[in-house]
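**Q** Have a look at this one before I ask anything.
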Amino acid sequence: ALQGGADWQTYGADAGFSYCCTKPTNDVLHYMCIPGDPLFQAAGADYHLAEGSPCIDAGAVQSWMTGTTDLDGNPRTHDGLVDMGCYEIIPEPGLLIVLNVGVLILWRNVLASARRGMCL
27 ALQGGADWQT YGADAGFSYC CTKPTNDVLH YMCIPGDPLF QAAGADYHLA
77 EGSPCIDAGA VQSWMTGTTD LDGNPRTHDG LVDMGCYEII PEPGLLIVLN
127 VGVLILWRNV LASARRGMCL
């Protein structure tokens, strides 16, 4: 049985798969598997997942994963979820916008004043 992998285009009988991104034949038991291309970053031996991969956050989180790392040294779980395969995608930090509420209120007052002036 194979569990928690991203082994695409695996064929065979009398096997069981769970939490995998694989393309098993009809005679193979599979549970929580994604039957499609895992969208690796590049062809060949690079098994990092690309953005949009169905394997991202689709793995089975196990208690032993707490505090462990993937093959790149990144935390194995991110936001309480785990990716399928041996590498965890760490998203780029998003854009942080900090608003000054006083400026926002002032701008709203300016717009309200402008609308009143236009109605004359």
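Here my numbering runs 26 ahead of the position in the sequence shown, where the first position is 1.
Ideal placement from N, C-alpha and C gives every residue a C-beta, glycine not left out.
The structure presented is a predicted model; accordingly, all values stated were derived computationally and were not measured.
How about the stretch 85 to 96 and the stretch 63 to 70: do they share at least three Cβ pairs that are nearer than 8 Å?
**A** No contact exists between the stretch 85 to 96 and the stretch 63 to 70.
**Q** So who's on the other strand from HIS104, going by DSSP bridges?
**A** In DSSP, HIS104 forms a bridge with LEU107.
**Q** Out of HIS74, THR95, PRO117 and SER89, state which residue places its alpha-carbon closest to the alpha-carbon of ILE111.
**A** Residue identity check: residue 111 is Gly in the sequence provided, not Ile. Residue HIS74 is the option with its Cα nearest to GLY111.
**Q** So which of GLY93, ASP98 and PRO119 has the shortest CA-CA distance to LEU107?
**A** For the residues GLY93, ASP98 and PRO119, the minimum Cα distance to LEU107 belongs to GLY93.
**Q** Skipping 5 residues on each side, what residues in its chain have a beta carbon closer than 8 Å to that of CYS147?
**A** Only positions 27 to 146 of the chain appear in this structure, which leaves residue 147 out of reach.
**Q** Looking at GLU118: is its Cβ nearer than 8 Å to the Cβ of PRO101?
**A** No.
**Q** For SER79, does the count of other Cβ atoms within 10 angstroms reach 16, so buried, or fall short, so exposed?
**A** SER79 comes out buried.
**Q** GLY99: which of TRP90, ILE116 and SER89 sits nearest, CA to CA?
**A** Comparing Cα-Cα distances from GLY99 to each of TRP90, ILE116 and SER89, the minimum goes to ILE116.
**Q** Spatial neighbours of ASP16 within its chain, please: C-beta separation below 7 Å, excluding the five flanking residues on both sides.
**A** This structure does not reach residue 16, given that the chain is present from 27 up to 146, and the question cannot be answered.
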